[in-house]
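Under my numbering, read the sequence shown as residues 15 to 304, first letter to last.
Each residue gets a CB set at the ideal place from its N, CA and C atoms; glycine is no exception.
All figures in this text were calculated on a predicted structure; none of them were measured in a lab.
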Amino acid sequence: MFNLKNCQTNEPLAKHTTFGIGGPADYFFVAKSKAELVAAIRFARQNQLAHIVLGGASNILVADKGWRGLVIKNQAQSTVFKTNLVEAESGVVLTQLVKAALVKGLSGLEHFAGIPGSLGGALFNNAHYQEYLIGDLVLKIEVLDQKNQRQTVLARDCQFAYEFSRFQKSGEIILQATLKLKPGDQAVMEKTMQAAIDYRLNNHPQEKSIGCIFQNPPDRPAAELITAAGLKGRRVGGAMVSPKHAGFIINADRAKAADVLKLIAIIKQKIKVKFGIELKEEIFLIGDFE
Numbered sequence: 015m016f017n018l019k020n021c022q023t024n025e026p027l028a029k030h031t032t033f034g035i036g037g038p039a040d041y042f043f044v045a046k047s048k049a050e051l052v053a054a055i056r057f058a059r060q061n062q063l064a065h066i067v068l069g070g071a072s073n074i075l076v077a078d079k080g081w082r083g084l085v086i087k088n089q090a091q092s093t094v095f096k097t098n099l100v101e102a103e104s105g106v107v108l109t110q111l112v113k114a115a116l117v118k119g120l121s122g123l124e125h126f127a128g129i130p131g132s133l134g135g136a137l138f139n140n141a142h143y144q145e146y147l148i149g150d151l152v153l154k155i156e157v158l159d160q161k162n163q164r165q166t167v168l169a170r171d172c173q174f175a176y177e178f179s180r181f182q183k184s185g186e187i188i189l190q191a192t193l194k195l196k197p198g199d200q201a202v203m204e205k206t207m208q209a210a211i212d213y214r215l216n217n218h219p220q221e222k223s224i225g226c227i228f229q230n231p232p233d234r235p236a237a238e239l240i241t242a243a244g245l246k247g248r249r250v251g252g253a254m255v256s257p258k259h260a261g262f263i264i265n266a267d268r269a270k271a272a273d274v275l276k277l278i279a280i281i282k283q284k285i286k287v288k289f290g291i292e293l294k295e296e297i298f299l300i301g302d303f304e
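Okay, structure coming up:
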C-alpha cells in the first residue's frame, strides 16, 4: 500500500535529470517495480494529487520552482526474454536493455546504444537514431489508463510517428513493453553498437543537456539553421548553445530553467527572422513556469 510516508520531501529534481536543472518536488518516490508504480499513480489520482512519472529525464526541463505534488521516479526494470521477444518494464535503462539483447544474440536494439533514459521515455517519444525508430520494434505495450485500469495497446494503435506516440496525449502511463527482435550476428551487432556510441561521442556534447532541443524542419536540420544564424556558443546565464552541436543547449555553469527558456526564445526568434522557419521544441516542460 502506497502512502506519502514512503516519500522524500522537498527533493531537488536537478539531481534526477540529465540537465542538472530543476527545483524541488513536494514529494518524491522511487518505484522499484511495476506494482509500486501502479500503486503510486493510483494513490495520486484518487487523492487528486498532482503527479508526474520520470524515467531517465533526458528530454525534460524542470522549472526552477520545481513540482508542487508527487514525482514518481520509475525504476521498474524487470526484463524477460522469450525466444525472439523481450518483455521489459518501462523503467529499465535503455542502454542496459541494449546490452542484454546483445548477450542473448538478438538484434534490433543495437542502433539505440548510447541513448540516455529509460525504455518508457524512449517509447513515449518514439526515440530514433538515423532512420531507426524504436516504435518499429513494438509488439504491444501495457499501460495504466486514465481509469486506473491496466490495458494492452497493440503496436498499430500506438500512433508512432517522428518524435511522437499516442501516449503524449492520452494520459496513459507506460508500464511494460513487448518488443520483437530477431537473431543476429553478435560481432555485427557489437560493431553497430560501437558505431552508434562513437557517433554520439564525436558529434554530441558531453556536458549536461537534454539532447536536441528542436525537431528538424523538413528541408534542413535545426542545428544547421542555428549554426548558420551564428548562434553557436550563444549564452544566457549558465545556458549555452553547444559549440560542438548547435542543436543542443548545455548546462555550462549552474544554469537555471529560466536561462534555458530565454535562450530557446532567442533561437526561435532569430531563425524565424533569418529563414522564415518556426522551430518546434521536442523537449517537455515540467513544473510551474511563469
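Leaving aside the five residues that flank D302 on each side, the residues in its chain whose CB is nearer than 7 Å to its CB run, in chain order, A77, K79, R82.
Across the set V52, F57, L63, the C-alpha of L63 shows the shortest separation from the C-alpha of A39. Taking a contact to require three or more Cβ pairs closer than 8 Å, the stretch 170-181 and the stretch 135-154 qualify as touching.
The Cβ atoms of V106 and S132 sit closer than 8 Å to each other. Fewer than three pairs of CB atoms, one per stretch, sit closer than 8 Å, so the stretch 135-149 makes no contact with the stretch 230-242. Within the model, the alpha-carbon separation for R56 versus L137 is close to 22 Å.
For R56, the enclosing alpha helix (DSSP H) starts and ends at 48-60. Every alpha helix (DSSP H) of 4 residues or more that sits fully in the stretch 115-148 is shown, in chain order, as 133-138. Inter-residue distance for G119 and V112 is about 11 Å (C-alpha atoms, whole angstroms).
The beta carbons of V100 and A90 sit no closer together than 8 Å. Around the CB of M207, 16 or more other CB atoms lie within 10 Å, so the residue is classed as buried. In this structure, T32 places its C-beta atom within 8 Å of the C-beta atom of S223. One thing to note: G36 has its Cβ no nearer than 8 Å to the Cβ of A266. Around the beta carbon of T109, 16 or more other beta carbons lie within 10 angstroms, which makes this residue buried. Counting along the chain, E238 sits inside the alpha helix (DSSP H) bounded by residues 236-242.
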